[in-house]
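Enquirer:
Protein chains in written order, with the numbering used here: chain Y, 31 to 340; chain B, 31 to 340.
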């Protein structure tokens with residue numbers, strides 16, 4: 031006797047099946063908002079205020095998880111530095127200035143006190159360097175990895191606030207610094223481009239901006255999509271860190287450089303002024319935004335997806 | 031031949047050796063602050079503003095960790111509700127009103143999408159109920175348990191802001207509701223005492239207030255110490271949840287009731303007005319604050335310490 035046929039059992043979809051962008055798009059649909067949320071989920075920071083206020087508040091949270099963003103053996107002071115600088119980088123990417131941080135730490139009870147103190151030393155070092163006050167936070171036990179989450183407020187002059195969504199077809203695309211190879215150590219010691227971004231928004235009008243955290247291949251399509259544009263880049267123009275391939279520069283992630291779109295008419299003036307103001311930090315035009323019906327023919331390497339199976 | 035004697039190896043102190051209060055005291059010493067941090071680490075929320083502003087901003091972060099604050103098998107919608115309500119409870123404990131939340135989620139890539147969607151459904155339900163807008167957040171992979179961290183802003187009228195530190199010797203100590211037995215399920219379904227706290231600070235002047243998250247035995251000494259007082263409670267007056275012992279009411283934690291200190295001259299008026307306004311929620315005077323040189327003779331059960339070895 032044959033056993034009756036069963037309907038094929040489909041495993042429920044996991045975060046790995048969906049990937050980060052689809053998950054975030056689904057989760058952020060229909061969130062409760064209010065009139066003060068000028069920009070909600072989907073940009074580098076949330077923007078809070080009334081449309082005509084001179085200054086808006088910026089809100090950001092960002093977490094580093096042991097085994098994902100840093101290894102257990104890594105210098106905890108550098109991990110603390112990285113954790114706060116990641117959030118500062120997002121404030122910079124809006125044209126803003128960071129203000130007040132709260133620190134959430136979950137760690138196993140067996141964690142040496144000295145390790146946590148070193149984490150805090152790194153957090154405090156970054157806070158002092160970039161003018162952030164640490165106003166509180168919370169500690170909890172973790173039965174697994176160490177987890178360090180930063181909540182950071184900041185502010186931005188309304189006239190200087192730059193979103194991801196303001197790019198237009200034809201805008202030139204620029205990146206600061208050099209890309210790729212962050213895992214060789216740079217990801218723990220980077221300097222968020224806070225001064226550079228503030229100078230940029232004060233002297234020019236970037237139409238769209240973000241920081242590169244997941245790699246150009248993941249982040250640039252996000253900026254383009256937010257701006258309802260397509261994009262094209264010249265891969266041989268991408269500024270590479272020493273020893274890196276273009277593929278690494280596209281996909282490694284954690285560069286924490288700025289990516290922005292600028293009207294072509296401002297390009298010459300910007301490039302000259304940048305060289306004078308930041309002679310040691312390259313600024314590279316890597317491509318431009320296109321009308322959304324345009325498309326590029328060759329597939330690009332993918333950037334970092336937190337939930338991709340690897 | 032005898033091997034040479036080695037100096038005894040002392041293991042480095044762990045978080046469990048120190049316990050939560052000592053750790054937090056050490057970590058929060060010498061944090062970078064600025065003139066706008068009116069109240070930093072050590073109260074239920076940070077208070078940000080200028081001393082003479084009419085309104086101050088409140089900042090809070092609070093995390094729930096799988097295996098610590100909830101079990102993997104628990105209904106994710108209730109877990110989401112709990113996560114946001116914990117932070118709302120802290121805003122309430124300052125006399126404030128919650129405003130904008132950011133959600134940080136770290137979860138294994140194998141987590142079913144439906145579980146995360148249910149978590150968010152619970153978060154959104156709590157947000158709508160208590161007037162919170164969800165302005166963004168972040169998702170990350172976790173190689174261990176699921177972490178859910180809430181960053182919540184709020185505001186409080188300067189004249190209504192209540193700290194832990196304003197209690198004076200002689201002040202009566204009150205708790206709302208009934209204590210103990212949270213693990214039976216109440217910890218996932220509680221209602222933060224937001225309306226109650228706002229009513230209280232608008233009509234009376236509690237001198238010190240906090241919410242009970244780690245149990246009366248852990249939290250009351252914190253309020254007393256912040257107010258530089260000693261304290262005495264009548265254990266037979268502690269309002270118990272059905273089936274609970276006094277020891278459980280002292281030590282279980284996660285009651286999320288209000289604990290506050292009030293000048294004795296306001297006691298009669300408060301008790302009468304409370305009964306009228308909140309007829310179904312008990313308000314119980316459980317003791318009073320004492321001059322700091324006083325002490326109580328009997329040891330009390332300890333409240334919840336995140337890093338204690340158990």
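All C-beta atoms in this analysis are idealised placements derived from N, C-alpha and C, irrespective of residue type, glycine included.
(1) Give the straight-line distance between the Cα atoms of residue 308 (chain B) and residue 161 (chain B), rounded to the nearest whole angstrom.
(2) Are the CB atoms of residue 320 (chain Y) and residue 207 (chain Y) within a distance shorter than 8 Å?
(3) When you compare only the Cα positions, how much space is there between residue 43 (chain B) and residue 172 (chain Y)?
(4) Which of the residues in the stretch 91-121 of chain Y, read from start to end, lie with their CB under 9 Å from any CB of chain B?
(5) List, in order along the chain, the chain B residues whose C-beta lies closer than 7 Å to that of residue 337 (chain Y)?
(6) So with Cβ pairs under 8 Å, would you call residue 296 (chain Y) a contact of chain B?
(7) Three-state secondary structure (DSSP) at residue 113 (chain B)?
(8) Along the chain, which unbroken stretches of the alpha helix (DSSP H) at least 4 residues long are found entirely within the stretch 57-99 of chain Y?
(9) Have a look at B:296, B:106, B:276, B:50 and flag the residue whose alpha-carbon is nearest the alpha-carbon of residue 139 (chain Y).
(10) Can you pull the chain B residues whose beta carbon is under 7 Å from the beta carbon of residue 150 (chain Y), in chain order?
(11) Tell me the residue span of the alpha helix (DSSP H) that contains residue 276 (chain B).
(12) Relative to the alpha-carbon of residue 245 (chain B), which residue among B:156, B:217, B:188 has its alpha-carbon at the smallest distance?
(13) For chain B, is any of its Cβ atoms less than 8 Å away from the one on residue 188 (chain Y)?
(14) With a cut-off of 8 Å, does the C-beta of residue 157 (chain Y) fall near any C-beta of chain B?
(15) Would DSSP call residue 188 (chain B) helix, strand or coil?
(16) Measure how close the beta-carbons of residue 170 (chain Y) and residue 136 (chain Y) come, nearest whole angstrom, since I'm counting them as under 8 Å.
(17) Of all the residues that make up the stretch 124-137 of chain Y, which are near chain B by a beta-carbon distance shorter than 8 Å?
(18) Is the separation between the beta-carbon of residue 91 (chain Y) and that of residue 71 (chain Y) shorter than 8 Å?
(19) Would the stretch 218-225 of chain Y count as touching the stretch 254-268 of chain Y if we require 3 or more Cβ pairs under 8 Å?
(20) For a quick check, are the C-beta atoms of residue 190 (chain Y) and residue 232 (chain Y) less than 8 Å apart?
(21) By how many angstroms is the C-alpha of residue 93 (chain B) removed from the C-alpha of residue 268 (chain B)?
(22) Are the CB atoms of residue 78 (chain Y) and residue 61 (chain Y) nearer to each other than 8 Å?
(23) Quick one: is the Cβ of residue 294 (chain B) within less than 7 Å of any heavy atom of the ligand HEM?
(24) Within 8 Å (strictly less), CB to CB, does residue 43 (chain Y) reach chain B?
(25) With distance defined between alpha-carbon atoms, name the residue in B:124, B:284, B:301, B:197 nearest to residue 271 (chain B).
(26) Under a three-way DSSP split, which group does residue 334 (chain B) fall into?
(27) At the 8 Å Cβ level, is residue 166 (chain B) part of the contact set with chain Y, yes or no?
(28) Please confirm whether residue 337 (chain Y) and residue 56 (chain Y) have their CB atoms less than 8 Å apart.
(29) Enumerated in chain order, which unbroken segments of the beta strand (DSSP E) with a length of 3 residues or greater are wholly contained in the stretch 122-183 of chain Y?
(30) Find out if the Cβ-Cβ distance for the pair residue 205 (chain B), residue 314 (chain B) is shorter than 8 Å.
(31) How long is the line joining the alpha carbons of residue 104 (chain Y) and residue 145 (chain Y), rounded to whole angstroms?
(32) Of all the options Y:199, Y:234, Y:101, which has the alpha carbon lying nearest to the alpha carbon of residue 297 (chain Y)?
(33) Measure the alpha-carbon distance for residue 32 (chain B) versus residue 40 (chain B) and round it to whole angstroms.
(34) Check residue 218 (chain B) in the structure and name its three-state DSSP category.
(35) Under DSSP, the alpha helix (DSSP H) around residue 241 (chain Y) begins and ends at which residues?
(36) In whole angstroms, what separates the C-alpha of residue 127 (chain Y) from that of residue 290 (chain B)?
Expert: To lay it out plainly:
(1) Translated into positions along the second chain, residue 308 (chain B) becomes position 278. Translated into positions along the second chain, residue 161 (chain B) becomes position 131. Approximately 21 Å, taken between the alpha carbons.
(2) As a working note, residue 207 (chain Y) is residue 177 in the first chain. As a working note, residue 320 (chain Y) is residue 290 in the first chain. Cβ distance not < 8 Å, so residue 207 (chain Y) and residue 320 (chain Y) don't count as in contact.
(3) On the second chain, position 13 is the one that residue 43 (chain B) refers to. On the first chain, position 142 is the one that residue 172 (chain Y) refers to. Here the alpha carbons of residue 172 (chain Y) and residue 43 (chain B) stand approximately 17 Å from one another.
(4) Within the stretch 91-121 of chain Y, those residues whose Cβ lies closer than 9 Å to any Cβ of chain B are, in chain order, 91, 92, 93, 94, 95, 96, 97, 98, 99.
(5) Here residue 337 (chain Y) refers to the residue found at position 307 when the first chain is read from its first residue. Listed by position along chain B, the residues whose Cβ is nearer than 7 Å to that of residue 337 (chain Y) are 139, 171.
(6) Taking the first residue of the first chain as 1, we reach residue 296 (chain Y) at position 266. Closer than 8 Å: no.
(7) Here the question's residue 113 (chain B) lines up with position 83 in the second chain. The answer is helix: DSSP assigns residue 113 (chain B) an H, G or I state.
(8) Listed in chain order, nothing qualifies, since the stretch 57-99 of chain Y has no complete alpha helix (DSSP H) run of 4 or more residues.
(9) The sequence position of residue 139 (chain Y) within the first chain is 109, counting from 1. When each option's Cα is compared against that of residue 139 (chain Y), the closest is B:50.
(10) Your numbering for residue 150 (chain Y) matches position 120 in the first chain. Chain order gives the chain B residues near residue 150 (chain Y) as 57, where near means a beta carbon separation below 7 Å.
(11) Within the second chain, numbered from 1, the residue matching residue 276 (chain B) stands at position 246. First-last of the alpha helix (DSSP H) with residue 276 (chain B): 276-281.
(12) For the purposes of this step, residue 245 (chain B) is identified with residue 215 of the second chain, where counting begins at 1. Comparing Cα-Cα distances from residue 245 (chain B) to each of B:156, B:217, B:188, the minimum goes to B:217.
(13) For this step, residue 188 (chain Y) is matched to residue 158 along the first chain. With 8 Å as the cut-off, residue 188 (chain Y) does not count as an interface residue toward chain B.
(14) Reading the first chain from its first residue, position 127 is the one you call residue 157 (chain Y). Yes, contact with chain B.
(15) Locating residue 188 (chain B) in the second chain gives position 158, counting from the first residue. Correct three-state label for residue 188 (chain B): helix.
(16) Here residue 170 (chain Y) corresponds to residue number 140 of the first chain, with the count starting at 1. Here residue 136 (chain Y) corresponds to residue number 106 of the first chain, with the count starting at 1. Right, their Cβ atoms sit about 4 Å apart.
(17) Going along the stretch 124-137 of chain Y in chain order, one finds 129, 130, 132, 133, 134, 136, 137 with a Cβ nearer than 8 Å to chain B.
(18) Stepping through the first chain from its first residue, residue 91 (chain Y) is reached at position 61. Stepping through the first chain from its first residue, residue 71 (chain Y) is reached at position 41. Cβ atoms of residue 91 (chain Y) and residue 71 (chain Y): not closer than 8 Å.
(19) Here the stretch 218-225 of chain Y does not lie against the stretch 254-268 of chain Y, with fewer than 3 beta-carbon pairs under 8 Å apart.
(20) Taking the first chain and counting its residues from 1, one reaches residue 190 (chain Y) at position 160. Taking the first chain and counting its residues from 1, one reaches residue 232 (chain Y) at position 202. For residue 190 (chain Y) and residue 232 (chain Y), yes; Cβs fall inside 8 Å.
(21) Residue numbering aside, residue 268 (chain B) sits at position 238 when the second chain is read from its first letter. Residue numbering aside, residue 93 (chain B) sits at position 63 when the second chain is read from its first letter. Approximately 28 Å between the Cα atoms of the pair.
(22) Within the first chain, residue 78 (chain Y) is the residue found at index 48, counting from 1. Within the first chain, residue 61 (chain Y) is the residue found at index 31, counting from 1. The Cβ atoms of residue 78 (chain Y) and residue 61 (chain Y) do not sit closer than 8 Å to each other.
(23) Ligands displayed in this structure: none; no statement on the ligand HEM is therefore possible.
(24) On the first chain, position 13 is the one that residue 43 (chain Y) refers to. Nearest CB-CB separation between residue 43 (chain Y) and chain B: below the 8 Å threshold.
(25) Residue 271 (chain B) sits at position 241 when you count from the first residue of the second chain. When each option's Cα is compared against that of residue 271 (chain B), the closest is B:284.
(26) Within the second chain, residue 334 (chain B) is the residue found at index 304, counting from 1. Annotated three-state conformation of residue 334 (chain B) is coil, per DSSP.
(27) For the purposes of this step, residue 166 (chain B) is taken as the residue at position 136 of the second chain. Residue 166 (chain B) counts as touching chain Y.
(28) Start at 1 with the first residue of the first chain, and residue 337 (chain Y) comes out as number 307. Start at 1 with the first residue of the first chain, and residue 56 (chain Y) comes out as number 26. For the 8 Å CB-CB criterion, residue 337 (chain Y) and residue 56 (chain Y) do not form a contact.
(29) The stretch 122-183 of chain Y contains these whole beta strand (DSSP E) runs: 127-137, 163-171.
(30) On the second chain, position 175 is the one that residue 205 (chain B) refers to. On the second chain, position 284 is the one that residue 314 (chain B) refers to. Yes, the pair counts as a contact, with Cβ atoms nearer than the cut-off.
(31) On the first chain, position 74 is the one that residue 104 (chain Y) refers to. On the first chain, position 115 is the one that residue 145 (chain Y) refers to. So the two alpha carbons sit approximately 10 Å from each other.
(32) Taking the first residue of the first chain as position 1, residue 297 (chain Y) is located at position 267. Taking the Cα of residue 297 (chain Y) as reference, the smallest distance to any Cα among Y:199, Y:234, Y:101 is reached at Y:234.
(33) Along the second chain, one-based indexing puts residue 32 (chain B) at 2. Along the second chain, one-based indexing puts residue 40 (chain B) at 10. At residue 32 (chain B) the pLDDT is 48, less than 50, meaning the model places this residue with poor confidence; the figure from the coordinates comes in the next sentence. Distance between the alpha carbons of residue 32 (chain B) and residue 40 (chain B) is about 22 Å.
(34) As a working note, residue 218 (chain B) is residue 188 in the second chain. Helix at residue 218 (chain B).
(35) Counting from 1 along the first chain, the entry for residue 241 (chain Y) is found at position 211. Per DSSP, residue 241 (chain Y) belongs to no alpha helix (DSSP H); it is in the beta strand (DSSP E), 238-241.
(36) As a first step, residue 127 (chain Y) is located in the first chain; it is residue number 97 there, counting from the start. As a first step, residue 290 (chain B) is located in the second chain; it is residue number 260 there, counting from the start. Distance between the alpha carbons of residue 127 (chain Y) and residue 290 (chain B): 37 Å.
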